[in-house]
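Novice: Counting in UniProt numbering, the sequence shown runs from 1 upward without gaps. Virtual Cβ for every residue (Gly too), placed ideally from N, Cα, C.
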Amino acid sequence: MIRLEEVTKRYRSAAGERVALDAVSLTVAKGQVFGVVGRSGAGKSTLIRTINRLETPDAGKVFVGDREITALKPADLRAARRRIGMIFQHFNLLNARTIAQNVAFPLRLEGRPDAEIARRTAELLDQLGLSEHANKFPAQLSGGQKQRVGIARALACGPEVLLCDEATSALDPETTDEILSLLDGLNRDLGLTIVLITHQMEVVRRVCDRVAVLKDGRVVEEGATADVFLHP
Ligand code: ADP
Ligand code: ADP
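(1) Residues in its own chain within less than 7 Å of K136 by CB, not counting five upstream and five downstream?
(2) Would you check if the region 147–161 and the region 124–136 touch, i.e. whether three or more CB-CB distances between them fall below 8 Å?
(3) Cα separation between P57 and E178?
(4) When you compare only the Cα positions, how much space is there between C164 and L77?
(5) Using a threshold of 8 Å, state whether the C-beta atoms of A42 and D216 are closer than that.
(6) Using three-state DSSP, classify G65 as helix, strand or coil.
(7) Checking 8 Å against the spacing of the C-beta atoms, do I2 and T121 come in under that value?
(8) Could you have a look at R210 and say whether DSSP puts it in helix, strand or coil?
(9) Nearest by alpha-carbon distance to G65: which of R112, K9, H133 and A80 is it?
(10) Measure the C-alpha to C-alpha separation of I117 and D227 and round it to an integer number of angstroms.
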């Protein structure tokens, strides 16, 4: 489903050059929940952002499905990104918009007809247990509820892949559990392929089929979760 081939990303600044990803190769099969772990600065965020090309690699290739993401022209990239949902540590909701408007936002961007937007939005709100909050604003919700809005928005266009960037790191343990159960269910029921980055080992143990350990921009270990955690 997802393949990175020798992906290298460097950041240049006045202080010099930093290699955030150093020839990283990875394969994530369809329907997997794949974890990427490592210390702060290891390159996790950069890695996940190359999958929907929020970051463009300096070298290497990224494939999602049968598309080479790294080779797409802007119009094709927009189309490809509809198949790749993303959720964030701090939710990244539009704070001046209602919950319903946040969920409807990707459908509006796509120019879907109003009736379809209304139907799909109501369906997503219902699916995520958010119907009673439809007309509230993000500031009126708890962290767990905000992340469910983030998930509803990420699912709006019917993605095949969900990218989770420290999606539970701002949540308490009980809410983390609730969100992980939700992700597990989406993986099982919709066959959604999930890539999640986290610094929380318990998150990986709980939901990931496979895990890659990043260190200084390199994959130092990769395998089935149970095997990787046998020799940490
Ligand atoms: P992680 O998500 O594992 O904490 P990141 O991918 O955020 O790691 O960062 C990897 C390395 O790249 C770090 O050394 C970080 O300081 C550097 N880096 C990340 N983003 C930028 C940026 N926009 N400009 C310069 N350096 C960056
Ligand atoms: P806009 O002004 O952008 O159309 P709306 O407030 O109408 O924003 O809401 C955006 C979408 O969410 C619309 O498609 C609307 O039908 C739907 N929506 C609004 N409120 C609810 C609700 N309480 N339950 C389900 N869907 C809702």
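Specialist: The short version:
(1) Here the set comprises T98 and I99.
(2) yes
(3) 34 Å
(4) 19 Å
(5) yes
(6) coil
(7) no
(8) strand
(9) A80
(10) 44 Å
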